[in-house]
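Chains as they are written, first to last, in the working numbering: chain H, 1 to 111; chain U, 1001 to 1113.
We put the beta carbon where it would ideally sit given N, CA and C, even for glycine.
Presented below is the structure to which this report refers.
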Amino acid sequence: LAKTTQPISMDSYEGQEVNITCSHNNIATNDYITWYQQFPSQGPRFIIQGYKTKVTNEVASLFIPADRKSSTLSLPRVSLSDTAVYYCLVGDGYNFNKFYFGSGTKLNVKP
Amino acid sequence: NAGVTQTPKFQVLKTGQSMTLQCAQDMNHNSMYWYRQDPGMGLRLIYYSASEGTTDKGEVPNGYNVSRLNKREFSLRLESAAPSQTSVYFCASSERGDTGELFFGEGSRLTVL
Chain H
1 LAKTTQPISM
11 DSYEGQEVNI
21 TCSHNNIATN
31 DYITWYQQFP
41 SQGPRFIIQG
51 YKTKVTNEVA
61 SLFIPADRKS
71 STLSLPRVSL
81 SDTAVYYCLV
91 GDGYNFNKFY
101 FGSGTKLNVK
111 P
Chain U
1001 NAGVTQTPKF
1011 QVLKTGQSMT
1021 LQCAQDMNHN
1031 SMYWYRQDPG
1041 MGLRLIYYSA
1051 SEGTTDKGEV
1061 PNGYNVSRLN
1071 KREFSLRLES
1081 AAPSQTSVYF
1091 CASSERGDTG
1101 ELFFGEGSRL
1111 TVL
């Protein structure tokens, strides 16, 4: 069972780069790594996804080392509106379509 | 383009009552999911449906039943509600069930007294 571990919370200031790391020691060969953002009273929203190395889109970058046992979500120049809970998601490892969320990281961005 | 729509958004039940949460997606996705989120916690998978006509248990299936009515709709039923089922319920769908790119609804807030 592929479980994830993330820091409970992080603080940052506007304009800084924020890196949130997720540990997934039991990730299976076929699993992708996906990150979500969740605001209060809303459903999670997809941010970025990767399988290995580095992926970048218009809002974030995702770094995955060769052993894939961890991943780092990088948010460049955060603003107050980036205050949210961030989750990494991996698969079950045995059953496609079965995905588990960790406890998430509460990011607090201060002015 | 509505995406994933959940009804109702809010519901209060008494212990022992039954109810069904409805979920519909208009993205022609194959896979659909039900998660619950307790206050201050992460999401836990209740049931999922890899494709029309199939369902399977997640982490916390006890006390729930599901029906994949067709490709668009996936319902979650509480046969005899308990206070421990007070939570926010999220439905999600995915085009490719194996990658983890899920699209979520806005949630249904359920209180069981």
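E14/H vs P111/H beta-carbon contact at 7 Å
Position 14 of the first sequence, counting from 1, holds the residue named residue 14/H. Position 111 of the first sequence, counting from 1, holds the residue named residue 111/H. The answer is yes: Cβ separation under 7 Å.
So which residues on chain U does Y86/H lean against when the C-beta distance must stay under 9 Å?
Here residue 86/H corresponds to residue number 86 of the first sequence, with the count starting at 1. In chain order: nothing, as chain U lies at least about 11 Å away.
For T83/H, decide whether its Cβ has a neighbour in chain U, counting only Cβ atoms nearer than 7 Å.
Start at 1 with the first residue of the first sequence, and residue 83/H comes out as number 83. Cβ-Cβ to chain U under 7 Å: no for T83/H.
Pull up the DSSP beta-bridge partners for V109/H, would you.
Position 109 of the first sequence holds residue 109/H. Paired residues: S12/H.
DSSP bridge partner residues for G91/H (one or two, in chain order):
Reading the first sequence from its first residue, position 91 is the one you call residue 91/H. Bridge partners of G91/H: F99/H.
Closer than 7 Å, CB to CB, is T1055/U near chain H or not?
Here residue 1055/U refers to the residue found at position 55 of the second sequence. Not one chain H Cβ lies under 7 Å of T1055/U.
Residues of chain U with a CB under 7 Å from the CB of G102/H: which are they?
Counting from 1 along the first sequence, the entry for residue 102/H is found at position 102. By Cβ distance, chain U contributes G1042.
Taking 8 Å as the limit between beta carbons, can you name the residues of its chain near P7/H, skipping five residues before and five after?
As a first step, residue 7/H is located in the first sequence; it is residue number 7 there, counting from the start. Excluding positions up to five away in sequence, the list reads I20, T21 and T105.
P44/H CB to nearest chain U CB: under 7 Å?
In the first sequence, counting from the first residue as 1, residue 44/H sits at position 44. It does; some Cβ of chain U falls within 7 Å.
Range covered by the beta strand (DSSP E) that runs through V1012/U
Position 12 of the second sequence holds residue 1012/U. Its beta strand (DSSP E) spans residues F1010 to L1013.
T5/H to Y86/H, Cα distance in whole Å?
Your numbering for residue 5/H matches position 5 in the first sequence. Your numbering for residue 86/H matches position 86 in the first sequence. Distance between the alpha carbons of T5/H and Y86/H: 12 Å.
Threshold first: 3 residues or longer. Then list the beta strand (DSSP E) segments lying entirely within the region 1040-1113 of chain U, N to C.
1043-1049, 1064-1068, 1074-1078, 1087-1094 and 1108-1112
Between the Cα of S103/H and the Cα atoms of D11/H, H24/H and S74/H, which residue gives the shortest distance?
On the first sequence, position 103 is the one that residue 103/H refers to. Checked all of D11/H, H24/H and S74/H; the closest Cα to S103/H is H24/H.
First and last residue of the uninterrupted beta strand (DSSP E) at S74/H
Indexing the first sequence from 1 puts residue 74/H at position 74. Here the beta strand (DSSP E) through S74/H covers S70 to L75.
Is the CB of F63/H under 7 Å away from at least one CB in chain U?
Residue numbering aside, residue 63/H sits at position 63 when the first sequence is read from its first letter. No, because no Cβ of chain U sits closer than 7 Å to the Cβ of F63/H.
Terminal residues of the continuous beta strand (DSSP E) containing A1024/U?
Here residue 1024/U refers to the residue found at position 24 when the second sequence is read from its first residue. Element bounds for A1024/U: M1019 to Q1025.
Quickly, what does DSSP pair F46/H with across the bridge? List them, please.
Working through the first sequence from its first residue, we reach residue 46/H at position 46. Y36/H.
Buried or exposed: where does F99/H fall if 16 or more other Cβ atoms within 10 Å of its Cβ makes it buried?
Here residue 99/H corresponds to residue number 99 of the first sequence, with the count starting at 1. Buried.
In whole angstroms, give me the CA-to-CA distance for L1078/U and D1038/U.
Numbered from its first residue, the second sequence carries residue 1078/U at position 78. Numbered from its first residue, the second sequence carries residue 1038/U at position 38. Going from the Cα of L1078/U to the Cα of D1038/U covers about 16 Å.
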